[in-house]
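To start, the structure under review is shown below, and the notes come after it.
Protein chains in written order, with the numbering used here: chain F, 19 to 367; chain L, 19 to 367.
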């Protein structure tokens with residue numbers, strides 16, 4: 019049996035769902051879907067169906083350690099890996115990889131975000147399993163590629179070339195978020211997938227790839243090789259982690275390596291990156307309104323997303339295509355079509 | 019010197035400013051103007067400039083006794099007159115009149131609402147003083163008549179005939195809220211004033227008027243004549259008050275009596291009866307927005323009234339002519355032009 023470690027990245031600081039999410043409580047820690055669980059809790063539950071909680075790890079910033087413990091009380095504290103500073107995903111994944119490798123040299127790692135939605139969980143776990151099987155026997159860097167369903171301009175794309183097996187495709191290129199015309203061409207060609215930022219590889223494979231493509235990061239973590247999972251690890255990491263460059267794993271490794279593969283996955287995925295994308299996946303009332311509507315009276319109002327405090331009575335009239343979010347500290351009333359400007363107007367930087 | 023008693027009626031249950039006002043805390047007890055004082059506190063302060071607090075009385079429902087004590091800690095508790103049931107203004111004023119008469123048979127009463135705005139306080143106090151002087155020496159029922167400044171359809175009107183003196187006019191008729199065309203005719207004729215519900219009379223005069231025009235009410239209170247301001251008053255009132263018919267002082271007395279007079283008063287008055295009338299008297303920003311805007315960011319938004327919790331950050335875009343009210347228990351986002359329907363939609367009955 020392949021020793022598998024699930025690594026859930028939960029250090030992000032995104033406040034795109036302001037005012038529901040904030041720097042103190044970013045998106046992964048909030049119940050954006052209104053189902054009674056945070057996105058992090060949903061991500062963990064998704065894996066617990068097939069993997070032991072002992073093999074699930076949370077990578078997060080020190081600011082969020084207590085939030086993780088609070089939301090995942092069953093998780094062993096030693097399974098929370100703390101990044102002492104924010105240096106993007108490459109250092110964070112490198113650190114976790116050295117720890118996992120030190121524990122088990124044959125382990126396969128599954129690295130996933132904590133704040134995405136996956137509607138087809140069985141298909142997802144099947145795709146992950148296929149990726150694990152492929153990665154275990156090869157020096158392969160695998161990423162899940164989501165079958166596109168629309169010419170989305172908000173996602174990065176993966177171009178693939180030849181098939182390696184029935185499921186696995188060789189990656190040719192990673193592409194930035196396209197303009198609409200280009201996104202349409204990608205969709206029509208059938209040779210492009212959405213990059214969902216989910217990775218599968220042996221811990222030894224990614225460490226080798228870091229050595230070649232990101233030697234500065236590799237040096238920092240390999241110099242501490244004898245210390246991982248020991249009492250001395252923390253001091254070393256606190257001293258050295260922040261010396262890492264600020265760089266994503268995509269830029270540092272995936273765009274440079276030539277052993278990158280993808281598995282086509284049709285898993286009902288959304289990165290829930292915008293209020294608009296959240297709207298798309300939420301159930302609607304007869305007038306297209308979504309959100310927690312049980313105490314909300316909507317008159318002459320269509321296609322709004324309303325997320326309010328459960329104990330409040332809300333009366334709205336004559337709003338169409340708006341985002342209405344009410345929390346204890348803030349109130350947002352904003353047209354959906356301008357949602358990209360919320361951050362600027364709310365002075366969130 | 020004329021012994022004057024100021025009676026402030028603060029028993030109303032209006033929730034027209036929902037969700038800022040509620041049945042638990044009606045309009046007179048809230049700071050609708052955002053000045054740090056409730057309308058009741060402002061009403062008392064207006065009179066304290068010329069009258070002793072010992073001569074100021076609050077008429078209220080038993081539900082609001084504690085609110086009155088809390089908002090007016092300097093006021094003697096015995097100056098709070100409690101109506102044990104809601105029977106409109108005639109029984110409430112009758113009860114107060116018998117108590118005041120029992121204390122001082124020569125006293126003049128000034129009866130005013132607790133939830134109106136008066137911008138010109140000196141002119142107001144001068145008008146009240148003129149009315150007191152007139153009422154003291156005659157069997158006269160006096161009401162202040164506000165010089166109309168627009169063809170308002172939300173107020174009742176007073177038609178006057180001849181002048182009694184430089185200031186005092188004989189009242190010919192009280193008129194219901196008119197349609198717009200009629201309101202324009204009233205305004206053009208110069209013979210009509212707004213009825214502000216402020217009355218001045220000797221306590222003996224109103225008791226005599228009740229005896230003639232509202233004998234059922236008169237009987238109830240005159241039967242307890244020996245008990246007022248004694249230990250036995252409360253029991254008698256608790257037993258008998260609710261037997262009174264539910265009727266306003268206007269219907270019960272003023273529309274029937276022939277000794278009714280008015281004093282023309284230009285005092286910057288508003289009954290603050292609607293969000294719209296509140297909007298008219300509040301200061302505006304450059305885009306016509308009013309309210310407590312210090313933590314409110316308004317983008318592409320004009321002519322709104324925004325009243326939010328002080329500790330909340332608010333971001334609004336693309337709203338024009340709306341009422342936005344946020345409290346700890348409710349949120350209202352509603353077009354000003356439909357404000358009459360707020361009560362229906364909020365299921366306030």
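The C-beta atom is built at its ideal place from N, Cα and C for all residues, glycine as well.
Status (buried if at least 16 other CB within 10 Å, exposed otherwise) for residue i
i              : result
residue 235(L) : buried
residue 50(L)  : buried
residue 325(L) : buried
residue 53(L)  : exposed
residue 127(F) : buried
residue 241(F) : exposed
residue 213(F) : buried
residue 161(L) : buried
residue 307(F) : buried
residue 30(L)  : buried
residue 347(L) : exposed
residue 244(F) : exposed
residue 191(F) : exposed
residue 362(L) : exposed
residue 163(F) : buried
residue 284(F) : exposed
residue 91(F)  : exposed
residue 38(F)  : buried
residue 121(F) : exposed
residue 371(L) : With chain L covering 19 to 367 only, the question about residue 371(L) has no answer from this structure.
residue 105(L) : buried
residue 40(L)  : buried
DSSP three-state assignment for residue i, whether helix, strand or coil
i              : result
residue 79(L)  : strand
residue 161(F) : strand
residue 215(F) : strand
residue 344(F) : strand
residue 64(L)  : helix
residue 176(L) : strand
residue 357(L) : helix
residue 295(L) : helix
residue 171(L) : coil
residue 95(L)  : helix
residue 181(L) : strand
residue 288(F) : strand
residue 107(F) : helix
Where the beta strand (DSSP E) containing residue i begins and where it ends
i              : result
residue 365(F) : Counting along the chain, residue 365(F) falls outside any beta strand (DSSP E), and DSSP gives it neither H nor E.
residue 188(L) : 186 to 193
residue 197(F) : Where residue 197(F) is concerned, there is no enclosing beta strand (DSSP E), given that its DSSP letter is neither H nor E.
residue 28(L)  : Premise fails: residue 28(L) is in no beta strand (DSSP E) and is neither H nor E.
residue 40(L)  : No beta strand (DSSP E) contains residue 40(L), which DSSP labels as neither H nor E.
residue 280(F) : 278 to 283
residue 99(L)  : 98 to 101
For residue i, the first and last residue of its enclosing alpha helix (DSSP H)
i              : result
residue 350(F) : That residue, residue 350(F), is in no alpha helix (DSSP H); its beta strand (DSSP E) goes 348 to 353.
residue 302(L) : Careful: residue 302(L) lies outside any alpha helix (DSSP H) and carries neither H nor E.
Under 9 Å (Cβ pairs) to chain F, residues found in the segment 327 to 348 of chain L: Sequence-ordered contacts of the segment 327 to 348 of chain L with chain F read 327, 329, 330, 331, 332, 333, 334, 335, 336, 337, 340, 342, 344, 345, 346, 347, 348 [C-beta pairs closer than 9 Å].
Tell me which residues of the segment 296 to 315 of chain L have at least one Cβ-Cβ distance to chain F shorter than 7 Å, keeping chain order. Taking a C-beta cut-off of 7 Å against chain F, the contacting residues of the segment 296 to 315 of chain L are 315, listed in chain order.
What are the uninterrupted segments assigned as beta strand (DSSP E) that are 3 or more residues long and contained completely in the segment 110 to 149 of chain F, given in chain order? 126 to 131
Uninterrupted beta strand (DSSP E) stretches inside the segment 210 to 274 of chain L (no shorter than 3 residues): 210 to 220
Segments assigned alpha helix (DSSP H), at least 4 residues, entirely inside the segment 303 to 339 of chain F: none
Output needed in chain order: residues of the segment 188 to 209 of chain L with a Cβ under 7 Å from some Cβ in chain F. none
What are the residues in the segment 48 to 64 of chain F lying within 9 Å of chain L by C-beta distance? Within the segment 48 to 64 of chain F, not one residue has a Cβ closer than 9 Å to any Cβ of chain L.
Listed from N- to C-terminal order along the chain, which residues in the segment 146 to 176 of chain F have their beta-carbon within a distance smaller than 8 Å of any beta-carbon of chain L? In summary, no residue of the segment 146 to 176 of chain F has a CB separated from any CB of chain L by less than 8 Å.
Members of the segment 91 to 122 of chain F near chain L, C-beta cut-off 8 Å: none
Taking Cβ-Cβ distances below 7 Å as the criterion, which residues of the segment 65 to 90 of chain F are in contact with chain L? none
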